[in-house]
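Some notes on the structure that comes next.
Numbering (the working numbering), first residue to last: 34 to 265.
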């Protein structure tokens, strides 16, 4: 299966955006079967309903929609989009036949965060790196990083490594539980909890099926959106 990432094909020159898109769509067909990935879907593609978009954006957007809906491409072109704000994606893009499934990527639970820390505490590129963290320290670490992303956990570990290298001046790098706890205390998450929670709510509100939500989130999903019935 081939893989293509669709970037921004829009141009400031008259008629150029349409020509570029036509070539892009021809390329996609020539690579079939192919997976086409669009990152930041809410920003990268035009929307017919916003007044800020030009006529060119609207025409290219409509042409892209037509291509995605073409039954000749079924089973040949698989579209995957990613977005932190699915509520801003044009409804036409989310209709069946274009993006059929809406799958939320939710915050890691406590055990998953521990696994992520462990992943970054073991790096084949840094054979001198080791860690020594007690069960009690792990519990504190898991509790204090609720809602943290994988990128934030990676930065916490990296900050520990940098600090150890600067302070210890030894051939080995051992990260202790106390080092991680201190780094977490000093770390300032890039996204404030309220904003992050809003993003989670938006993701949950836009799902296609409850079966796409992790089991531990299903009861919370029903409660958030006042949905009756037992959580499966």
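Note that CB positions come from ideal geometry on N, CA and C, so glycine has one too.
In the three-state DSSP reduction, residue 252 falls in the helix class (H, G or I).
Under DSSP, the beta-bridge partners assigned to residue 35 are 67. Note that the region 174–190 does not touch the region 130–137; fewer than 3 beta-carbon pairs, one per stretch, sit closer than 8 Å.
Under DSSP, residue 171 forms no beta bridge with any residue.
Only residues of its own chain outside the window of five on either side were considered, and among them 162 have a CB closer than 7 Å to the CB of residue 156, listed in chain order. Annotation note: the region 126–181 contains the following uninterrupted alpha helix (DSSP H) runs of length 4 or greater, listed N- to C-terminal: 143–154, 168–177. Distances from the alpha-carbon of residue 122 to those of 245, 54, 236 put 236 closest. In the DSSP assignment, the residues bridged to residue 209 are 165. When secondary structure is reduced to three states using DSSP, residue 40 falls in the coil class, being assigned neither helix nor strand. In this structure, the straight-line span from the alpha carbon of residue 241 to that of residue 145 is close to 24 Å. Take the alpha-carbon of residue 131 and the one of residue 35: they are about 19 Å apart. With respect to the C-alpha of residue 188, the residue from 219, 169, 203, 202 having the closest C-alpha is 219. Just measuring C-alpha positions, the residue of 70, 92, 249 sitting nearest residue 40 is 70. Under the three-pair Cβ rule at 8 Å, the region 244–257 does not count as touching the region 187–201.
Taking 8 Å as the cut-off, the Cβ atoms of residue 110 and residue 164 do not count as close.
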